Amino acid sequence: AQKITQTQPGMFVQEKEAVTLDCTYDTSDPSYGLFWYKQPSSGEMIFLIYQGSYDQQNATEGRYSLNFQKARKSANLVISASQLGDSAMYFCAMREETMNRDDKIIFGKGTRLHILP
Amino acid sequence: EAGVTQFPSHSVIEKGQTVTLRCDPISGHDNLYWYRRVMGKEIKFLLHFVKESKQDESGMPNNRFLAERTGGTYSTLKVQPAELEDSGVYFCASSQMGRGRWGNEQFFGPGTRLTVL
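Note that the protein sequences, when read in sequence, are chains A and B.
Our numbering numbers the first residue of the first sequence as 1 and each following residue consecutively.
Our numbering numbers the first residue of the second sequence as 1001 and each following residue consecutively.
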């Protein structure tokens, strides 16, 4: 069965430092996608980054990068030069994609990130 | 372009009452998903519509939950009768059919916070 594990319930990081949020996953599907979403205090879910299981390079989107280690089933999110506005809940998620790319997304429990001034 | 909208943003009801949540997806998105996050737990999938048809309703907790998507546009999720354990945040998401840059990115609405007293 597919599963997402985020072992850090909360993190405190000094502003301007880099942050790594951990995520491991489990799936038997050879084709899958990995996502990170940000949920600020206002409640909306904001898509940050996507990594396909067959992508050769790690995904990057601005200050966000995904450290994809397929053999270890790890998909850590790295935020460079953190900002106060990065304080939020972060969810790692996965979708099995062999059958289709419209399937449901499975989420981890989330990591609450606090950026300190 | 308008994003996914949900109504109401908050709802407080008593046990045994009925509540109906509404989701308006992004125009042109055939896929519509409902998810739920109970306090302190993962965001969990409830069901998936493709246009007006239920593609996957494996996550619906029981028959007190009824989802509809008339005409393949907006969707409603009715809880009748509501129980205490139904409290949580209900998210709606939508996506286009076919291959997007990120494999059919799901765009989330702001959620409806349901409190059952």
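Cβ coordinates follow ideal geometry from the N, Cα and C atoms, glycine included.
Predicted model, so just to flag it, every value in this text is computed and none were measured.
What distance in whole Å lies between the Cβ atoms of residue j and residue i, which are believed to be in contact at a cut-off of 8 Å?
{"i": "phenylalanine 1007 (chain B)", "j": "glutamate 44 (chain A)", "result": "Actually they are not in contact, since the Cβ atoms of phenylalanine 1007 (chain B) and glutamate 44 (chain A) sit about 14 Å apart, beyond 8 Å."}
{"i": "lysine 73 (chain A)", "j": "glutamate 1042 (chain B)", "result": "17 Å between Cβ atoms; not a contact."}
{"i": "histidine 1029 (chain B)", "j": "glutamine 1080 (chain B)", "result": "Between glutamine 1080 (chain B) and histidine 1029 (chain B) the Cβ distance is about 27 Å, and since that is not below 8 Å, they are no contact."}
{"i": "alanine 93 (chain A)", "j": "isoleucine 105 (chain A)", "result": "5 Å"}
Closest Cβ-Cβ distance between residue i and chain A: below 8 Å?
{"i": "glutamate 1120 (chain B)", "result": "Here chain B has residues from 1001 to 1117 only, and residue 1120 (chain B) is not among them."}
{"i": "glutamate 1105 (chain B)", "result": "yes"}
{"i": "proline 1110 (chain B)", "result": "yes"}
{"i": "phenylalanine 1065 (chain B)", "result": "no"}
Are the CB atoms of residue j and residue i within a distance shorter than 8 Å?
{"i": "aspartate 1024 (chain B)", "j": "valine 1038 (chain B)", "result": "no"}
{"i": "threonine 1115 (chain B)", "j": "lysine 1078 (chain B)", "result": "no"}
{"i": "serine 82 (chain A)", "j": "isoleucine 115 (chain A)", "result": "yes"}
{"i": "aspartate 86 (chain A)", "j": "leucine 48 (chain A)", "result": "no"}
{"i": "arginine 1069 (chain B)", "j": "phenylalanine 1045 (chain B)", "result": "no"}
{"i": "serine 65 (chain A)", "j": "alanine 71 (chain A)", "result": "no"}
Which bits of chain B does residue i rub up against, with CB to CB less than 8 Å?
{"i": "aspartate 102 (chain A)", "result": "Asn1031, His1048, Val1050, Gln1055, Ser1095, Met1097, Asn1104"}
{"i": "phenylalanine 68 (chain A)", "result": "The premise fails here: phenylalanine 68 (chain A) is roughly 14 Å from chain B at the closest Cβ pair, so nothing lies under 8 Å."}
Give the interface partners of residue i over in chain B, defined as CB-CB distance under 7 Å, in chain order.
{"i": "tyrosine 90 (chain A)", "result": "Those within 7 Å of tyrosine 90 (chain A) in chain B number zero; the least Cβ separation is about 12 Å."}
Would you say residue i lies against chain B (beta-carbon separation less than 8 Å)?
{"i": "lysine 38 (chain A)", "result": "no"}
{"i": "glycine 85 (chain A)", "result": "no"}
{"i": "tyrosine 25 (chain A)", "result": "no"}
{"i": "tyrosine 50 (chain A)", "result": "yes"}
For a contact meaning CB atoms closer than 7 Å, what does residue i contact in chain A?
{"i": "isoleucine 1043 (chain B)", "result": "Phe91, Phe107"}
Taking C-beta pairs closer than 8 Å, name the residues in chain A that residue i reaches, listed in chain order.
{"i": "phenylalanine 1091 (chain B)", "result": "Met45"}
*Whole runs of the beta strand (DSSP E) within the stretch 1049 to 1096 of chain B, excluding any shorter than 3 residues*: 1053 to 1056, 1065 to 1068, 1075 to 1079, 1088 to 1095
*In chain order, which beta strand (DSSP E) runs of at least 3 residues are fully inside the stretch 40 to 86 of chain A?*
46 to 52, 64 to 69, 74 to 79
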